[in-house]
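To start, the structure itself, in structure tokens.
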Amino acid sequence: MTPAPLHLAGERLMLDPAGVVSWPARRTLVVSDLHLEKGSHFAARGRFVPPYDTRETLAKLTLVLRRYGPARLVLLGDSFHDPMGCDRMAPADCAALQRILASVEEVVWVLGNHDPVAPRGLPGIAVDALVDGPLTFRHEADPRALGEMSGHFHPKATLATRAGGISRPCFATDARRVILPAFGAYTGGLDVRDPALGGLFPRGGRVFLLGPDRLFSVPMAPMRRRPEAVA
Numbered sequence: 066m067t068p069a070p071l072h073l074a075g076e077r078l079m080l081d082p083a084g085v086v087s088w089p090a091r092r093t094l095v096v097s098d099l100h101l102e103k104g105s106h107f108a109a110r111g112r113f114v115p116p117y118d119t120r121e122t123l124a125k126l127t128l129v130l131r132r133y134g135p136a137r138l139v140l141l142g143d144s145f146h147d148p149m150g151c152d153r154m155a156p157a158d159c160a161a162l163q164r165i166l167a168s169v170e171e172v173v174w175v176l177g178n179h180d181p182v183a184p185r186g187l188p189g190i191a192v193d194a195l196v197d198g199p200l201t202f203r204h205e206a207d208p209r210a211l212g213e214m215s216g217h218f219h220p221k222a223t224l225a226t227r228a229g230g231i232s233r234p235c236f237a238t239d240a241r242r243v244i245l246p247a248f249g250a251y252t253g254g255l256d257v258r259d260p261a262l263g264g265l266f267p268r269g270g271r272v273f274l275l276g277p278d279r280l281f282s283v284p285m286a287p288m289r290r291r292p293e294a295v296a
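Right under this line is the structure:
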């Protein structure tokens, strides 16, 4: 895995092809949108999908934590797909999550729209937003913010190749913010050209598409203003 360096608010960050951000100066690893127990959420509503999303997501998170050895783990919201997700976890998956949380000194649960309350019975603190020095961590981006890391949108972008366009999850960045891709196994994506996401980058920026072992950086064009209606 070859991470890509990025500077935000004077801090050096490392964007990892696994879709996480390392902040070496604070020994912090940032992960967004695990959506644990999304499969069981759908199953309870009659939409049956393979029930392995939590296991796959936790296995991937375990590998990333071994690689970086952080002291603090910041989870940027929607860690569980719904407020009762933690209660539905299989015992083996719950034990795996407990091992992950025990491997770091501090766990911060940033609350999201899917998990607006802290998970029960798990260590860590729950906050609406975390401010540490020049950086702010929240679930959904604030257009006015500077030095912000967030998730929520599950950004993806398309890279043109000779064989056609390849769509991949990505980091979306500019001088003000970084929006992380979703980390969970069962998560879709929103194209960075969508106004809901692209509108946060009115002057453009860069996207870093996730590859198997490296990132692919391409510019993100500024959003075009829609022509005003003529009265």
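Take the sequence shown: its letters are residues 66 to 296, numbered as in our numbering. Think of the CB as a built atom: it goes at the ideal place given N, C-alpha and C, for glycine as much as any other residue.
Take the Cβ of residue i as the centre, count every other Cβ of all protein chains shown within 10 Å, and call the residue buried at 16 or more, exposed below.
i	result
Val-295	Its pLDDT being 43, under 50, Val-295 is placed unreliably by the model, and the measurement read from it follows with that caveat. Val-295 is exposed by the Cβ-count criterion.
Met-66	exposed
Glu-213	buried
Val-169	buried
Arg-164	exposed
Thinking C-alpha only, which one of the options is nearest residue i?
i	options	result
Pro-148	Leu-101, Arg-92 and Ser-282	Leu-101
Leu-211	Thr-201, His-217, His-219 and Phe-218	Thr-201
Arg-132	Ser-87, Pro-284 and Thr-226	Ser-87
Asp-239	Pro-284, Leu-255 and Asp-256	Pro-284
Thr-127	Leu-166, Pro-220 and Ser-232	Leu-166
Arg-233	Gly-216, Arg-242 and Gly-253	Gly-253
Pro-135	Met-79, Ala-161 and Asp-143	Met-79
Less than 6 Å between C-beta atoms, sequence neighbours within five positions excluded: which residues of the same chain meet that for residue i?
i	result
Val-96	Val-85, Leu-140 and Phe-248
Arg-268	Pro-287
Leu-187	none
Given this structure, state the Cα-to-Cα distance separating residue i from residue j, to the nearest angstrom.
i	j	result
Asp-118	Val-175	21 Å
His-179	Asp-98	9 Å
Asp-152	Glu-121	18 Å
Leu-138	Thr-223	30 Å
Lys-125	Arg-242	25 Å
Quick one: residues in its chain with C-beta nearer than 8 Å to the C-beta of residue i, no 5 flanking neighbours on either side, listed in chain order?
i	result
Val-192	Val-173, Trp-174, Val-175 and Leu-176
Pro-82	Met-66, Thr-67, Pro-68, Leu-275, Gly-276, Pro-277, Asp-278, Arg-279 and Leu-280
Arg-185	Cys-151 and Asp-152
Ala-206	Glu-213, Ser-215, His-217, Phe-218, Arg-242, Ile-244 and Leu-265
Ordered along the chain, which non-local residues of its own chain (more than five positions away) have a Cβ less than 7 Å from that of residue i?
i	result
Gly-75	Pro-199
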